Every structure is written in C-alpha cells, then in structure tokens.
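*Asks:* Below is a structure I'd like to ask you about.
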Amino acid sequence: MNLRQKFRFYFLNFYPPYFAAGIRYKKIGKDFTHFRLTMKLHWWNRNLVGTHFGGSLYSMCDPFYMLILMENLGEEYIVWDKAATIRFITPGLGQVVADFEIPKEEIERIQKEADEKRKLDVFFQTKIYDSKTGKVVAELDKVVYVRRKERIKKEKIL
C-alpha cells in the first residue's frame, strides 16, 4: 500500500456521513481485497426505539464492494453501485461490525468476464453482526456494475 492510498483511506473515517454516524474502518487488506468497518451505538445514531438507525447500518455498507473493485481493476474499468437490499434481522444494541471481501481469484474472474462481455452485474452478500454476541443484525445484498472503458469508446465510434 503506497502513501497516497494510505492517506486516502485514512480519511474515510472523516468522510462526513461516516464520521457523523460513528462509522470507522478498522482494517484494510494490503491488496485492497478486504475492509472491516465498525459502528458503536451513540445517542446520535440511535433510532426512536434506542437501537442502531437503519440508515446508518446501510451507509456503513454502501461503497465498499465498489471500492474494492475500483482499486483492484484500475482506471480502465467503470465500476458503479447499482442496487442494494438490506434486511434487518435483530436490533443492533452495541458495536456492530461488517466485513467486505472479494478474493483475488474472484476479482480476476470478474475482470475476465468484463473483458469478454459488454457489461457485467456482480452480486455480493455480507452480514452486519454484533461484535460481542456475534448475532447477525442485518444482511446486505449488493449489485455492482462493471464495464471496461475501452468498450464504451468503441461502441460510441460505431
């Protein structure tokens, strides 16, 4: 991880939506294939019944599969978050944790498939869990769109 990358990801903790919700990244894999985020329950991120606000739980999960792919595929690819579904399983009462990981082999498969196809939707799942009890608080399904940039340029010419 070079200094520029360390600096950029260090400041994720200060990105206003994350900072305001109390979301902190705790771990970034050296090859950018893994992120771990935590969020403690505070008075400012509670809902009306005293548990984690659902919007904060979702925002904790929002960009990380996209970021992993952007960082690993490089600037030759367009990577966008396309869709997401979150299911709340049990109330979050303490610190919650979410892990986002795409193994290198999967990234290579995605890259190859994006090179061969016009466009690609990739599906991911993760769980948000209570750090003390291990209970699942929410489950997230994510769809990320991937496309090689040069394909777009060629199609515009034709």
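Remember, the working numbering sits 443 above the position in the sequence shown when you count from 1. Even glycine gets a Cβ: it sits at the ideal position worked out from N, Cα and C. This one's a predicted model, so the numbers in the text were calculated from it and none came from an experiment.
(1) V587 and Y508: beta carbons closer than 7 Å?
(2) Give me the Cβ distance between G535 and L484, rounded to the nearest whole Å; I'm assuming they're in contact under 8 Å.
(3) Determine, using beta carbons only, whether R590 and K562 come nearer to each other than 7 Å.
(4) In this structure, how does DSSP classify F496 when only helix, strand and coil are distinguished?
(5) Whose C-beta lies closer than 6 Å to the C-beta of L601 among residues of the same chain, with five residues either side of it excluded?
(6) In the DSSP assignment, find the unbroken alpha helix (DSSP H) run with R552 in it and report its ends.
(7) To the nearest angstrom, how far is the alpha carbon of F462 from that of I545?
(8) Assign F566 to buried or exposed, taking buried as 16 or more other Cβ atoms, counted over all protein chains shown, within 10 Å of its Cβ.
(9) Would you say Q538 lies against chain D (beta-carbon separation less than 7 Å)?
(10) Helix, strand or coil for Y458 per DSSP?
(11) Looking at F475 and E514, is the spacing between their C-beta atoms short of 7 Å?
(12) Ordered along the chain, which non-local residues of its own chain (more than five positions away) have a Cβ less than 6 Å from that of A527?
*Replies:* The short version:
(1) Yes, they are a contact pair.
(2) Confirmed, about 7 Å.
(3) Their beta carbons are under 7 Å apart, which means R590 touches K562 by this criterion.
(4) Correct three-state label for F496: coil.
(5) Residue confidence is low: L601 scores 49 on pLDDT, short of 50, so the model does not pin down where it sits. Its coordinate-derived value is still stated next. Cβ-Cβ distances below 6 Å link L601 to nothing in the same chain once the five nearest sequence neighbours on each side are left out.
(6) It spans K547 to E559 - the alpha helix (DSSP H) in which R552 sits, taken as one unbroken run.
(7) C-alpha separation (whole angstroms): 25 Å.
(8) F566 should be labelled exposed.
(9) In the displayed structure, chain D is absent; only one protein chain is listed.
(10) Y458: coil per DSSP, three-state reduction.
(11) Yes.
(12) Take A527, set aside five residues on each side of it, and the residues of its chain with a beta-carbon closer than 6 Å to its own are K585, in chain order.
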